[in-house]
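Throughout the sequence shown, residue numbering follows the UniProt record's numbering, covering 1 to 475 in sequence. By construction, the Cβ of each residue, glycine as well, lies at the ideal position given by its N, Cα and C atoms.
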Amino acid sequence: MADPKVPVLEKSLFYLFLALLFWAPLPFASARIWSAGLLAAMVAALLLCWLLLYSAGAAKVRPALWRRMYLPLLLLVLLQCWVAVQCLPLPPVLVEWFSPTAFQWHARPGWLTLSLDPAYTRQYLLLGATYTAGFFLTLVLVNSRDRLTQLLWLLVLSGSFQAVYGTLMLLSGLEWGFFVEKYVGRGVATGTFVNRNHLAGYLVMCLAAGTGLLFAQLSSRAESSTRGRERMRRWLRLLLSSRLRLRVLLALMVIALVLTRSRMGNAAFFISLFCAGAVAQYAGQYFSRRLALLLLSLVVVDMAILSRWFGFDRLMDRLASTQAQTEARTANLPQLLEYVRDFWFTGSGGGSFYSVFPRYQGTELKAAYLHAHNDYLQFIGELGLPGALLLAAFVVLALRMALAVLRGRQSRLFHGVAFAVLMTIAWALLHSSVDFNLQIPANALTFVVLLALAWVARVLPAKTAAPRAVAGRAS
């Protein structure tokens with residue numbers, strides 16, 4: 001006889017995973033050594049628990065998922081193996097051959113590492129393994145339509161909490177972050193994050209999840225009805241349904257996004273929203289007037305009305321006064337390019353930017369750069385071309401899977417998930433050009449979790465059986 005505790009244990013593991021995703025942005029976005037270590041330990045504990053359940057036959061994986069998830073997992077594992085290689089002591093002749101600059105900078109006898117800061121690279125490897133485990137846990141734990149919906153709602157609630165907390169701190173004048181008074185970012189919304197741009201990035205990902213939920217709730221009935229009474233019924237159902245609550249939460253997040261005064265965060269939100277909408281319309285091979293109206297309402301209602309009450313005009317003034325030549329983010333571009341040229345092949349080591357880049361700054365750059373303010377250049381400089389290509393291939397696979405969902409699945413929920421994935425990828429491609437959201441643990445983990453949902457939406461059957469059952473090939 002089956003143990004009645006088996007489904008309870010597996011279900012509990014899923015809810016613990018949701019709690020972890022809610023926790024990740026709370027302690028300074030898990031960007032401190034102690035909070036990053038705690039995040040890694042919690043993810044490792046969840047992974048170990050799932051492996052124990054799986055070995056005992058208490059957790060199952062759909063055959064269709066096994067067939068599709070090995071390639072993205074392989075890419076992520078290979079990336080972590082490459083970072084591990086950067087930490088390994090190697091014969092000097094190999095280091096000189098593969099990275100002449102690293103060989104010159106070591107300037108000591110004995111075996112050498114490709115990384116110029118092995119201690120930070122080991123921390124980088126730990127976080128990379130955490131993201132890989134988070135990706136895997138999303139694939140195996142989100143094994144039903146209900147769980148898929150609950151995860152999207154969790155991201156909406158987490159983003160709404162950050163939005164409400166950041167807005168209240170700003171409007172009340174308390175200016176507290178995570179149980180301490182803010183020492184940077186005063187006068188703007190930061191939530192429990194340190195940097196307003198990273199809160200903006202997190203809010204955009206949560207908005208993508210919420211917009212995907214709205215997409216999923218669009219009526220599938222014919223839209224060509226001209227009967228006024230039927231139209232009125234539809235609008236009344238909309239006002240009385242859970243969509244209204246979701247719409248209010250999205251409005252709160254947009255208000256907080258404006259209050260961050262993050263220029264690229266706000267610009268990337270609008271651009272990614274419309275890019276994802278256009279791709280969804282094209283890839284789905286149909287035109288949905290409801291989807292078009294939904295995207296338009298996110299702009300008209302939120303930005304033109306609600307957000308203006310909370311300083312939208314100040315954000316526009318900040319955008320208008322931006323001058324690239326005076327921006328600290330672009331002032332270091334020549335030095336960044338020099339850094340990348342020296343380490344383009346093997347990289348200076350994951351997480352080593354902070355200790356390596358000061359040698360390139362010179363006297364004209366006074367600021368201390370913890371990160372490159374450009375994820376593309378930082379990934380290439382730290383990981384080299386092999387690591388950067390593995391990351392790019394992983395994102396391309398997620399993009400292709402989201403497009404496959406739009407073309408091959410008929411469920412509104414799965415289409416909404418694909419929309420969220422497309423919007424998240426578009427945001428990352430834009431915001432990463434001027435910031436380092438993907439270097440922040442909470443944002444990086446949320447990013448890979450959202451991308452994992454593309455594979456989940458591809459393999460889940462239209463009507464999911466009980467979580468313990470192993471289903472066949474998805475439709």
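- As for any alpha helix (DSSP H) of minimum length 4 sitting wholly inside the region 138-199, the runs are 145-172, ordered along the chain.
- In the DSSP annotation of this structure, the continuous segment of the alpha helix (DSSP H) that includes residue 72 starts and ends at 63-87.
- Excluding its 5 nearest sequence neighbours in each direction, residue 131 has C-beta neighbours in its own chain below 7 Å: 444, 445 and 448, listed in chain order.
- Between residue 95 and residue 114, the CB-CB gap stays under 8 Å.
- With contacts defined by Cβ atoms closer than 8 Å, residue 259 and residue 208 do not form a contacting pair.
- Collapsing the DSSP output to three states places residue 112 in a strand.
- Fewer than three pairs of CB atoms, one per stretch, sit closer than 8 Å, so the region 142-156 makes no contact with the region 372-391.
- The alpha helix (DSSP H) runs lying completely inside the region 329-371 and spanning 4 residues or more are 333-343, 353-356 and 358-361, given in chain order.
- Out of 74, 91 and 40, the CA that lies nearest to the CA of residue 108 is found in 91.
- Proximity to residue 396 across 12, 75, 183 and 175 peaks at 75, based on C-alpha coordinates.
- In the DSSP annotation of this structure, residue 260 is not part of any alpha helix (DSSP H), being labelled neither H nor E.
- Distance from residue 137 to residue 58 at the Cβ level is roughly 15 Å; contact not present, criterion being Cβ atoms closer than 8 Å.
- Collapsing the DSSP output to three states places residue 391 in a helix.
- DSSP lists 112 as the bridge partner or partners of residue 90.
- Linking residue 216 to residue 35 through their CA atoms gives a straight-line distance of about 35 Å.
- Within the same chain, Cβ atoms closer than 8 Å to the Cβ of residue 77 are found at 132, the five residues on either side in sequence being excluded.
- The three-state secondary structure of residue 440, taken from DSSP, is coil.
- When secondary structure is reduced to three states using DSSP, residue 100 falls in the helix class.
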